[in-house]
Amino acid sequence: MYNAKSMKAEEFICHEEILDTLAYAEANKNNKELLEQIIAKAKLRKGLSHREASVLLACEDEKLVQEMFALAEQIKKDFYGNRIVLFAPLYLSNYCINHCVYCPYHATNKHIGRKKLTQDEVRAEVIALQDMGHKRLALEAGEDPVNNPIEYILDCIKTIYSIKHKNGAIRRVNVNIAATTVENYRKLKEAGIGTYILFQETYHKESYENLHPRGPKHNYAYHTEAMDRAMEGGIDDVGLGVLFGLERYRYELAGLLMHAEHLEAVHGVGPHTISVPRIKRADDIDPGVFDNGIDDATFCKIIAIIRIAVPYTGMIISTRENQAVREKALHLGISQISGGSRTSVGGYTEDVRPTDTEQFDVSDQRSLDEVIEWLMELGFLPSFCTACYRAGRTGDRFMELCKSKQIQNCCHPNALLTLKEYLEDYASPATKALGEKLLQAELPNIPQEKVREVCLERLQKIAQGERDFRF
Ligand code: SF4
Ligand code: SF4
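Here it is as structure tokens:
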């Protein structure tokens, strides 16, 4: 029986509730009065339930869909302005004992090279990432208690935070590792991680079990309840996501939003981020064999609906998507993107992008500098900000700040300060020229006069060599 407050996966992600929701959405997809009511509710910026969002997703009326897109873009502007936060994934190890049928790191893949970074190699990768200008990483590792035990992940985090190379520093390490115990989540928290990210892959239990035929990840409940254990272990910021293409997208959207509602109901704080990966080609993976693939138009609709359903949640898109899709998505609600990514173990220290141990094909292969220049040309403000986590503004404290709109007096100046650091230390001449113009144009947009003055002072100090200011 459906119960958002239950701690049992099959009760807070209730299959019957999802089927009822999908039937309700199908029955009402042409109910203009209801659709308009839901859109009017979304305009209040207080979010939507999984049922309401599902009705919008079923709607095929082009005029209403365009209205949803415009609203998503406006909500994004209201909460995030024109800022886009940048990050990069760092693959630590592709040893894995699971058998996920959509991932080339599955244990039965005997021909893919297996690699695990030593601490010296972690150091070299991180220096390469710092030299690109990155400040925020997402660590990735397969599940393997022998090769990648929690102690290994903790050692890597310690190494990463300790590296001070030129003006570079990784200031926030997010972690994307397999579901684990409360005790291990506590250790990750103590190691100073930012967000714990775990993709559900699919919320459909039967499909989930078929897609993960063996290995610890086969256990649907253990995987689905991981975020509750992470929060019990003290991690306030958790990141959700499904792998679109594995199951029917309408089922996934309902499940994803039910998961968000569950976190809010139980812990008082929803997901910090939602990622929207789509299945991609990789070593022995052909995305064509999964028959739930979604086209770009549907993908954009999903992004827009998530944006209006959970207005305070950050949304992430990776380099799995090409430049054109990323551009559309940025307008519909995405607030964080990766740039200059390499999805293989040890990829950043190679001159030429290695593909032999890639987890997925990278569609957007531009350098970070090209991505930054492109964002600015599109009118976005690239940000390397990591201030909230470092100031202890996580979980409900972050959400309160966000809801009170005070975040505008933090995010915007922090974006300017961190972009300035990037321009001084890493940008090409063309990017630097564009960025300096953007800083001048954006400075007056800081709402509070005092903050504006301090920001200007700090920008000047950065030009003189000082670093790491934050609001
Ligand atoms: S998705 Fe993760 S757990 Fe599954 S095979 Fe790939 S690395 Fe292993
Ligand atoms: S101030 Fe906080 S919410 Fe805003 S961009 Fe920085 S880290 Fe994110």
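full-length UniProt numbering applies: residue 1 is where the sequence shown begins, and numbers increase by one.
We put the CB at the ideal spot given by N, CA and C, even for glycine.
With respect to the beta strand (DSSP E) encompassing residue i, which residues constitute its N-terminal and C-terminal limits?
i           : result
residue 333 : No beta strand (DSSP E) contains residue 333, which DSSP labels as neither H nor E.
residue 382 : 381-383
residue 85  : 83-93
residue 240 : 238-241
residue 268 : Element bounds for residue 268: n/a, residue is neither H nor E.
residue 306 : That residue, residue 306, is in no beta strand (DSSP E); its alpha helix (DSSP H) goes 296-309.
residue 197 : 193-197
Which residues does DSSP pair with residue i in a beta bridge?
i           : result
residue 250 : Answer by DSSP bridge pairing: none, since residue 250 is not bridged.
residue 136 : 172
residue 116 : 93
residue 275 : 241, 316
residue 463 : Looking at the DSSP assignment, residue 463 forms no beta bridge with any residue, so it has no partner.
residue 165 : 168
residue 285 : 282
residue 201 : 242
residue 141 : 93
Does any heavy atom of ligand 1 sit closer than 7 Å to the C-beta of residue i?
i           : result
residue 220 : no
residue 105 : yes
residue 142 : yes
residue 217 : yes
residue 292 : no
residue 210 : no
residue 147 : no
residue 178 : yes
residue 156 : no
residue 486 : Since the first residue shown for the chain is 1 and the last is 471, residue 486 is missing from the structure and cannot be characterised.
Could you give the residue range of the alpha helix (DSSP H) that holds residue i?
i           : result
residue 315 : Note, residue 315: premise wrong, no alpha helix (DSSP H); beta strand (DSSP E) at 314-317.
residue 174 : It is not in any alpha helix (DSSP H) - residue 174 instead sits in the beta strand (DSSP E) that spans 172-176.
residue 38  : 32-42
residue 21  : 15-27
residue 371 : 368-377
residue 396 : 395-403
residue 182 : 182-190
residue 435 : 429-442
residue 419 : 408-425
residue 74  : 62-80
residue 229 : 226-232
residue 389 : 387-390
residue 9   : 9-12
residue 45  : Where residue 45 is concerned, there is no enclosing alpha helix (DSSP H), given that its DSSP letter is neither H nor E.
residue 55  : 50-58
Test item, CB below 6 Å from any non-hydrogen atom of ligand 2: Cβ-based neighbours of ligand 2 within the cut-off: 85, 383, 385, 386, 387, 388, 407, 410, 411, 414.
Contact between the region 91-99 and the region 131-146 (3+ Cβ pairs under 8 Å): Proximity of the region 91-99 to the region 131-146 meets the contact definition, three or more beta-carbon pairs being nearer than 8 Å.
The region 74-84 contacting the region 120-127, beta-carbon criterion three pairs below 8 Å: No, the region 74-84 does not touch the region 120-127.
Any 3 or more C-beta pairs closer than 8 Å across the region 240-251 and the region 194-213: Contact between the region 240-251 and the region 194-213 is established, with three or more Cβ pairs separated by less than 8 Å.
At least three beta-carbon pairs within less than 8 Å, the region 265-280 to the region 301-317: Short answer: they touch.
Segment contact flag, the region 281-290 with the region 255-265, C-beta cutoff 8 Å, min 3 pairs: Judged by pairs of C-beta atoms under 8 Å, the region 281-290 does not touch the region 255-265, as fewer than three such pairs exist.
At least 3 beta-carbon pairs within less than 8 Å: the region 190-197 vs the region 165-180: With a cut-off of 8 Å, the region 165-180 and the region 190-197 count as touching, because enough Cβ pairs lie within range.
At least 3 beta-carbon pairs within less than 8 Å: the region 24-42 vs the region 7-14: A contact between stretches requires three or more CB pairs, one per stretch, nearer than 8 Å, and the region 24-42 fails this requirement with the region 7-14.
The region 351-362 in contact with the region 220-232 per 3-pair CB rule at 8 Å: Not touching, per the Cβ criterion.
Segment contact, 8 Å Cβ cut-off, at least three pairs: the region 414-425 with the region 373-386: Between the region 414-425 and the region 373-386, the count of Cβ pairs shorter than 8 Å is three or higher; the stretches touch.
Validate contact between the region 262-272 and the region 309-328 using beta carbons, cut 8 Å, 3 pairs: Yes, they touch.
Stretch pair the region 340-352 + the region 105-120: three plus CB contacts closer than 8 Å: The region 340-352, when compared against the region 105-120, does touch it at the 8 Å Cβ threshold.
The region 211-225 in contact with the region 98-109 per 3-pair CB rule at 8 Å: At 8 Å Cβ cutoff, the stretches touch.
The region 314-332 touching the region 361-373, judged by at least three CB pairs closer than 8 Å: Taking one beta carbon from each stretch, the region 314-332 and the region 361-373 have 3 or more pairs nearer than 8 Å; the two touch.
The region 440-459 contacting the region 148-162, beta-carbon criterion three pairs below 8 Å: Segments in contact, no.
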